[in-house]
Amino acid sequence: MADCTGYEHEPSLYLRVCCIISNLGQTVTIRGIGKTRYILCPKVQPKSCPQDNRDCKSLFETGSDISGVYTVNPDGGTPFQVYCDMETDGGGWTVFQRRQDGSVDFYRYWTDYENGFGNLTGEFWLGLSKIHRLTKEGSNTLRVDLGDFDNTQLMLTTLH
1 MADCTGYEHE PSLYLRVCCI ISNLGQTVTI RGIGKTRYIL CPKVQPKSCP QDNRDCKSLF
61 ETGSDISGVY TVNPDGGTPF QVYCDMETDG GGWTVFQRRQ DGSVDFYRYW TDYENGFGNL
121 TGEFWLGLSK IHRLTKEGSN TLRVDLGDFD NTQLMLTTLH
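Numbering (my numbering), first residue to last: 1 to 160.
Okay, structure coming up:
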């Protein structure tokens, strides 16, 4: 295994992998054609991670292209974590809700919906206060993907 804290590998690959919060302190396996790389990410986010982290779209535009948990700061306030979908429909989507298996109870109080709940890598609601911070300035595109247990899929995109 290689320790990439010393940039023994291509720095852009290292940063694309080790700037994802959920990879910190983990050994990440990247399989390519004819070779496999092992990247040991440090326990703290590298200082050289992209700082243009207003939302998932800005992270995607600066080279982050692996779906996962990232830290964003849309308005200069306190940074918070979000799940970024970097694959669907061109990538760069900030996921504000995911329900997939019923493992999280969504029958909650108002304060839960205001602050958020669940696990960003599973079922969750991001929180109204965070959604407000993400959307209060500029124009935004909302994409809604719905699916049922019979694998019926529906997608809607709207611009505001």
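Glycine included, each C-beta is placed from N, C-alpha and C at the ideal position.
One Cα belongs to Leu128, the other to Ile33, and the distance between them is close to 43 Å. Excluding sequence positions up to five before and after Pro79, its CB lies within less than 6 Å of the CB of Thr71 and Asn73, all in the same chain and listed in chain order. In this structure, Asp85 sits near Val95, with a CB-CB distance shorter than 8 Å. Under the DSSP assignment, Asp145 falls in the beta strand (DSSP E) whose first and last residues are Thr141 to Gly147. Per the DSSP secondary-structure output, Cys84 pairs in a beta bridge with Gly68 and Thr94. Across the structure, Gly92 and Asp65 are spaced so that their CA atoms are roughly 8 Å apart. Secondary structure note for Lys136: it is in no beta strand (DSSP E), with a DSSP letter that is neither H nor E.
Annotated as proximal: Cys18 and Pro42, with beta-carbon spacing under 8 Å. Going by C-alpha positions, Gly147 is about 4 Å away from Gln153. Take Asn53, set aside five residues on each side of it, and the residues of its chain with a beta-carbon closer than 8 Å to its own are Leu59, Tyr70, Thr71, Val72, Asn73 and Pro79, in chain order. In the assembly as shown, Asp55 is a buried residue. Its beta-carbon has 16 or more other beta-carbons within 10 Å.
Across the set Phe149, Asn151, Asp150 and Asp145, the C-alpha of Asp145 shows the shortest separation from the C-alpha of Thr158.
For Arg99, the closest C-alpha among the options Thr62, Trp125, Ser22 and Gly25 is that of Trp125.
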